[in-house]
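J.: Position in the sequence shown (first residue = 1) + 205 = my numbering.
We put the CB at the ideal spot given by N, CA and C, even for glycine.
Quick caveat: nothing in here was measured; it's all calculated off a predicted structure.
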Amino acid sequence: MDKVKLGIAGAGAIGKKHASTISKSCCAELLAIAGPDPDCGAVAAEYGVDSFEDTGAMLSKQALDGIIVSTPTELHLEPTLTALDAGVAVLVEKPIAATMSDAMAICERAESTGLPVLVGHQRRFYPHVVLARDIVERERIGSLVAVCGQWNARKHREYFEPEYRQRREASPIFTNLAHDLDTLRYICGEFESVAAETSNLVLGMEKDDAAAIVFKFRNGGVGTFLMSDQTPSPWTWEFAIGENVDYPRSFQNAYRFMGTEGSLEFPNLRLWRHDGEENWKHDIEPSDFDLEIPDPYEMQIVHFADVVRGIARPKVDARDGSKTLEAILAIMESSETGRRVAL
């Protein structure tokens, strides 16, 4: 089977990650990279492909089957619509867009053209996430009652030197929590409402330093999430699972799912159940699950190739990805207004 021919819009950190992944792929090949950023030409030269100033120019010169949109979030709309109008499938990085109006424009264009849009929530490809969803859905911990999670790390000071990373749009709610919100939606179901408090007391920048969030799920369960990019800790998904080689693995779980008959630590899955009747007078024992840790970006490219060929539907389509964006924006709204926000 011939490899699908791909281009990339945006040559930042995630664009480079996709380029590296495609270079090792057995089902896809990279033909071009587009973007106004200075690194675009250098990255294209590194992989021996053409570079272009924008997506339209790339699509006019290259016969592509799909493109990956990895520009800054607020710039997702234009290259995504340009690709769809050119008859090309799209993998757009998370979150799908910066505003609901942009997200809806992408959804509507995908539906009017009949072309697939895959949103890059790569964690859904982990077997740990799939198994956790199965455990919760099949009520192996009984009915879901409560969830608690956290993402806490201290980012290095140089990270915040670019001006755009000091703005509210660079809040860890947008840049980091997007993954966790999508994971919670996938495992627990849709949110009914959210409430949030935020603080910027550490760096004093426009962006938030910390957020405390309360959820209610449509199935009646409740949850909390605590996050900060200014607190040294071993408790993030990345530290727990070892997703990124740049960050040391802690093996410390960052989530707990609690039901009427047991509880589940996540993402290194540990299931807790009582030995006997499910109450506090009986011993509670753990059971561990030993799963391989794949490269989710490699799995995502394989899946995208299948989507391009029409033999698979997007694991996270535009409508699905828009629901995660809606939750992000609701949290931002709640932190600004002091009110609970319904979804």
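Using DSSP with H/G/I as helix, E/B as strand and the rest coil, what is C312?
T.: DSSP places C312 in helix when its eight states are reduced to three.
J.: Spell out whether any CB of chain C is found under 8 angstroms from the CB atom of A375.
T.: Within the model displayed, chain C is absent; a lone protein chain is all it includes.
J.: If you run the structure through DSSP and keep just helix, strand and coil, what is K210?
T.: Three-state result, K210: strand.
J.: Sorted by chain position, which residues of the same chain lie with C-beta nearer than 6 angstroms to V419's C-beta, five sequence neighbours on each side aside?
T.: Here the set comprises A400, T429.
J.: Spell out a yes or no on whether the segment 276-284 and the segment 304-315 are touching, meaning 3 or more CB-CB pairs, one atom from each, closer than 8 angstroms.
T.: Yes, they touch.
J.: Taking the alpha carbon of D522 as the point to measure from, which residue in T226, G212, E316 has its own alpha carbon closest?
T.: Cα-wise, what sits closest to D522 is E316.
J.: Does Q435 come out as helix, strand or coil in the three-state DSSP assignment?
T.: Correct three-state label for Q435: strand.
J.: Just to check my reading of the structure: K520 and R329 have Cβ atoms closer than 8 angstroms, yes? What is that Cβ distance to the nearest angstrom?
T.: Rounded, the Cβ-Cβ distance is 6 angstroms, consistent with contact.
J.: In its own chain, which residues sit with a C-beta less than 7 angstroms from the C-beta of A550, not counting the 5 before and 5 after it?
T.: The requested residue 550 is not part of the displayed model; the chain covers only 206 to 548.
J.: Please return the same chain residues whose Cβ sits closer than 6 angstroms to the Cβ of N449, not counting the five positions on each side in sequence.
T.: Taken in chain order, the residues that qualify are E443.
J.: From R370 to K412, what does the alpha carbon distance come to, in whole angstroms?
T.: Roughly 8 angstroms separates the two Cα atoms.
J.: Does the separation of the CB atoms of L289 and L320 fall below 8 angstroms?
T.: Yes.
J.: Less than 8 angstroms between the CB atoms is what I'm expecting for S256 and C245, so what's the real figure, rounded?
T.: About 5 angstroms separates the two Cβ atoms, so the contact holds.
J.: For D525 and D385, I'd like the C-alpha separation in whole angstroms.
T.: So the two alpha carbons sit approximately 15 angstroms from each other.
J.: Quick check on L289: does DSSP put it in helix, strand or coil?
T.: In this structure, L289 counts as helix in the three-state DSSP scheme.
J.: Could you please give me the residues that DSSP links to H223 through a beta bridge?
T.: Answer is none; H223 lacks a bridge partner.
J.: On the DSSP bridge list, what partners appear for C353?
T.: According to DSSP, C353 bridges with T429, R461.
J.: According to DSSP, is V254 helix, strand or coil?
T.: Coil.
J.: Can you list the alpha helix (DSSP H) stretches of 4 or more residues lying completely in the segment 348-431, in chain order?
T.: If we require 4 residues or more, the alpha helix (DSSP H) runs fully inside the segment 348-431 come out as 377-380, 382-393.
J.: Would you tell me roughly how many angstroms separate the C-alpha atoms of H223 and I213, rounded to the nearest one?
T.: The alpha-carbon atoms of H223 and I213 are separated by roughly 8 angstroms.
J.: Which residues bound the beta strand (DSSP E) around F456?
T.: F456 -> no beta strand (DSSP E), and no H or E assigned at all.
J.: Run the CB neighbour count on L389, radius 10 Å, all protein chains shown included, and call it buried at 16 or more, exposed below.
T.: Label assigned to L389: buried.
J.: Output needed for D552: all residues of its chain with C-beta closer than 6 angstroms, excluding positions within five of it in sequence on either side, in chain order.
T.: Because the chain here runs from 206 to 548, residue 552 falls outside it and cannot be looked at.
J.: Of all the options G543, V512, Y452, which has the alpha carbon lying nearest to the alpha carbon of R359?
T.: Among G543, V512, Y452, the Cα nearest to that of R359 belongs to Y452.
J.: Assign F471 to one of three DSSP states: helix, strand, or coil.
T.: Residue state, collapsed to three classes: strand.
J.: State whether the segment 474-483 contacts the segment 392-407, with contact taken as three or more CB pairs (one from each stretch) at a distance under 8 angstroms.
T.: Cβ pair count under 8 angstroms is below three, so no.
J.: If P300 and T529 are in contact, beta carbons under 8 angstroms, what's the gap, nearest whole angstrom?
T.: So it is a contact: roughly 6 angstroms between Cβ atoms.
J.: Between which two residues does the beta strand (DSSP E) holding S230 run?
T.: Here S230 belongs to no beta strand (DSSP E), and DSSP marks it neither H nor E.
J.: Identify, in the order they occur along the chain, each residue of the same chain with its Cβ nearer than 7 angstroms to the Cβ of T403, setting aside the five sequence neighbours on each side.
T.: Counting only Cβ-Cβ distances below 7 angstroms, and skipping sequence neighbours, we find D413, A415, A416, S540.
J.: Spatial neighbours of S468 within its chain, please: CB distance less than 7 angstroms, with the 5 preceding and 5 following residues excluded, ordered by chain position.
T.: I346, R461, F462, W477, listed in sequence order.
J.: Please report the Cβ distance between L211 and A233, rounded to the nearest whole angstrom; I am assuming they are in contact, meaning their Cβ atoms lie under 8 angstroms.
T.: L211 to A233, Cβ: 5 angstroms. Contact.
J.: Among L286, A218, M263, V254, which one has its Cα closest to the Cα of S275?
T.: Selected option, being the one with the closest Cα: A218.
J.: For G624, is the classification buried or exposed, using 16 other Cβ atoms within 10 angstroms of its Cβ as the cut-off for buried?
T.: In the structure as shown, the chain begins at 206 and stops at 548. Residue 624 is therefore absent and cannot be evaluated.
J.: Can you have a look at M206 and say buried or exposed, based on whether 16 or more other CB atoms are within 10 angstroms of its CB?
T.: With fewer than 16 other Cβ atoms within 10 Å, it is exposed.
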